[in-house]
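Under the working numbering, residues 247 to 679 are what the sequence shown spells out, in order.
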Amino acid sequence: MPLGLLSFEKKGQLHVEAWASDIQLTNLAVKFGGKYVYTTLLAGLGPDDRLQRYSLGLGLGVHLPLSERFWLDGDVAGSTVLRVRDPFASSANLLTQGRLMLGFNLFERLAFFAGPPTTPSSPGGTRTGSPSPPCRCGGSSWGCPPRRCNTGPACSSAYGFESSLGEPHMDMELRHRRALITGSTAGIGFAIARGLAAEGATVILNGRTSDSVERAIKRLGQEVPGAKVEGAVGDASKTGDAQAVFSRFPEVDILVNNLGIFELKPFAEITDDDWSRYFETNVMSGVRFSRHYAAGMRKQNWGRILFVSSEAALRVPRDMIPYATTKTAQLTLARGLAVDLAGTGVTVNSILPGPTRTEYVNERLQGAAKHLGRPVAEIEAARMSTFAPTSLIRRFSTPEEVANLAVFLCSPKSSSTTGAVVRVEGGVIDTVV
Ligand SMILES: NC(=O)c1ccc[n+]([C@@H]2O[C@H](COP(=O)([O-])OP(=O)(O)OC[C@H]3O[C@@H](n4cnc5c(N)ncnc54)[C@H](OP(=O)(O)O)[C@@H]3O)[C@@H](O)[C@H]2O)c1
247 MPLGLLSFEK KGQLHVEAWA SDIQLTNLAV KFGGKYVYTT LLAGLGPDDR LQRYSLGLGL
307 GVHLPLSERF WLDGDVAGST VLRVRDPFAS SANLLTQGRL MLGFNLFERL AFFAGPPTTP
367 SSPGGTRTGS PSPPCRCGGS SWGCPPRRCN TGPACSSAYG FESSLGEPHM DMELRHRRAL
427 ITGSTAGIGF AIARGLAAEG ATVILNGRTS DSVERAIKRL GQEVPGAKVE GAVGDASKTG
487 DAQAVFSRFP EVDILVNNLG IFELKPFAEI TDDDWSRYFE TNVMSGVRFS RHYAAGMRKQ
547 NWGRILFVSS EAALRVPRDM IPYATTKTAQ LTLARGLAVD LAGTGVTVNS ILPGPTRTEY
607 VNERLQGAAK HLGRPVAEIE AARMSTFAPT SLIRRFSTPE EVANLAVFLC SPKSSSTTGA
667 VVRVEGGVID TVV
């Protein structure tokens, strides 16, 4: 299936379109008679770079190698006279380089669209794919997940809602950042990893077994073509395993303390061991990972630490007291850490998801529906009215909706938000602030 369209045109005279199914940044240089006489940049853009504009180089060039990788070429076509470029650059280098170009020549513009070139217009943007309304999953700066997000029939296209050509795309400036997300082979953690990867960050997925981590790496690669993904196998709640992760990945720019466990149990039946397990997993993993990675972030004067807490931190469910207790502890921990890092470029925040339709939750809903012989939607509505009657969206959030906020808080764009607790719970918490 075509993934994208490269379209570039010269004022009214030349229009070229090229489809590609798996676009990579490619720089073509045609060598002729010992000289590069025809050079063209075919900017293949990953999903993270949609709608960025680039100037193109095309023309007769004289070629002067500066080093093995960089060369200087003079261009006789158009207005560009001098450019430095790296013909075999990685995507990231080339993007930076694109901005360094001194001008452009033959082509007035190059734009990249995601999805087929249909352009039924709607306010503020162009719907790509089938012309249906914006997806209920909330979309995101990179669109809906590549597969249907299960929030309803509206989600029928691969990419959801896109800005129209020429509109600025909010660049999260994450291309050169490396992020570690604990407990991220599934659920909210995976969605956050996918969101960060779609914005160009290198992501490190964490889970307890190499099988689950390998599977998640593969899945992410399929869902975000070109994603930069690594794996950190280990039980993030255990000191030894955490230490092994630190040895393998001594520094990261972004840490998402996502790992968290919960179960329903009456208070009287919860043992000391249960309480310890909650603290080790939900609190101490965040303490250890933050202590280790905050040091490097402080040194480089930039970093993002995000705790995935829960609305249960503020609205304690009767059968989940240890969970809620640890989730409230995370808020204090995050705030304290933000204070400790005051005056640096490192921010520390917490988010409060509400009921979220992860794969696990989805399975549970489907299981209950099957067991009771009722439609899944009915079971979902019943669960919502029992467990989250104050929900303003009256449905589970999607992991992508939670990830949208997380990606923002992990990006340089959120530089003035620190020590904060930010909700993404569909309005479940029934207070003004
Ligand atoms: N789902 C919700 O409705 C909801 C609502 C509010 C807040 N939250 C919070 O959001 C966070 C994520 O929840 P979720 O529902 O997305 O979780 P989930 O679906 O249960 O995901 C579990 C993930 O954590 C990994 N994991 C479990 N124990 C681990 C350990 N000891 N070390 C490393 N990885 C481990 C699993 O990987 P392996 O199996 O590969 O080890 C899997 O990737 C939690 O902090 C939770 O409290 C969730």
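All C-beta atoms, glycine included, are put in the ideal place defined by N, C-alpha and C. A quick note: this is a predicted structure, and the numbers were derived from the prediction, not measured.
Secondary structure note for I507: it is in no alpha helix (DSSP H), with a DSSP letter that is neither H nor E.
If one requires a minimum length of 3 residues, the beta strand (DSSP E) runs lying completely within the region 440-514 are 448-453, 474-479, 500-503, in chain order.
Assignment of S555 by DSSP, reduced to helix, strand and coil, places it in the coil class.
For L505, the shortest separation between its Cβ and any heavy atom of ligand 1 lies below 6 angstroms. Taking 4 residues as the minimum length, the alpha helix (DSSP H) runs contained wholly in the region 622-670 are 622-633, 645-656, in order along the chain. By the neighbour-count criterion, in which 16 or more other beta carbons inside 10 Å mark a residue as buried, P635 falls on the exposed side. By the 16-neighbour rule on beta-carbons within 10 angstroms, N547 is exposed. Contact check for F642 against P601 passes: the beta carbons are separated by less than 7 angstroms. Rounded to the nearest whole angstrom, the CA to CA distance from R581 to R620 is 44 angstroms.
Annotated as distal: G477 and I500, with beta-carbon spacing of 7 angstroms or more. Of the candidates L426, K616, I597, I597 places its Cα closest to the Cα of G672. By the Cβ-count criterion, V498 is buried, with 16 or more other Cβ atoms from all chains shown falling within 10 Å of its own Cβ. Proximity to N595 across S661, A444, T428, R523 peaks at S661, based on C-alpha coordinates. Set against 6 angstroms, the gap from the CB of G477 to the closest heavy atom of ligand 1 is not smaller.
The residue from L560, E445, L510 with its alpha-carbon nearest to that of T677 is L560.
Within a 10 Å sphere around the beta-carbon of S536 sit 16 or more other beta-carbons, which makes this residue buried. Just so you know, the alpha carbons of H422 and F495 end up roughly 16 angstroms apart.
Assignment of A425 by DSSP, reduced to helix, strand and coil, places it in the strand class. For P568, the enclosing alpha helix (DSSP H) covers residues 567-586. In terms of Cβ geometry, V479 and S456 form a close pair [threshold 7 angstroms].
Counting only the Cα atoms, D519 lies some 33 angstroms from I625. Ligand 1 has a heavy atom closer than 6 angstroms to the beta-carbon of A482. Listed in chain order, the non-local C-beta contacts of G435 below 6 angstroms within the same chain comprise I427, G429, N504, local neighbours out to five positions each way being set aside. Put simply, of K484, L583, L442 the residue whose alpha carbon is nearest the alpha carbon of Y539 is L583. Each of G433, A558, A439 was checked against the Cα of C656, and the nearest Cα belongs to A439. Put simply, of G589, P563, G441 the residue whose alpha carbon is nearest the alpha carbon of G549 is G589. The alpha-carbon of D586 is positioned some 18 angstroms away from that of V529. A distance below 7 angstroms separates the beta carbons of V648 and V670.
DSSP, read as helix, strand or coil, puts T593 in strand.
Counting only residues of its own chain and dropping the five nearest sequence neighbours on each side, S483 has a CB closer than 6 angstroms to the CB of E526, T527, S531. The C-beta separation of R603 from T632 comes to about 16 angstroms, leaving the pair out of contact by the 8 angstroms criterion.
Distances from the CB of A649 to the heavy atoms of ligand 1 are all 6 angstroms or more.
Excluding residues up to 5 positions away in sequence, S555, S556, A558, A559 lie with their Cβ nearer than 6 angstroms to the Cβ of K573 in the same chain.
In this structure, DSSP gives G549 an extended state, which the three-state scheme calls strand.
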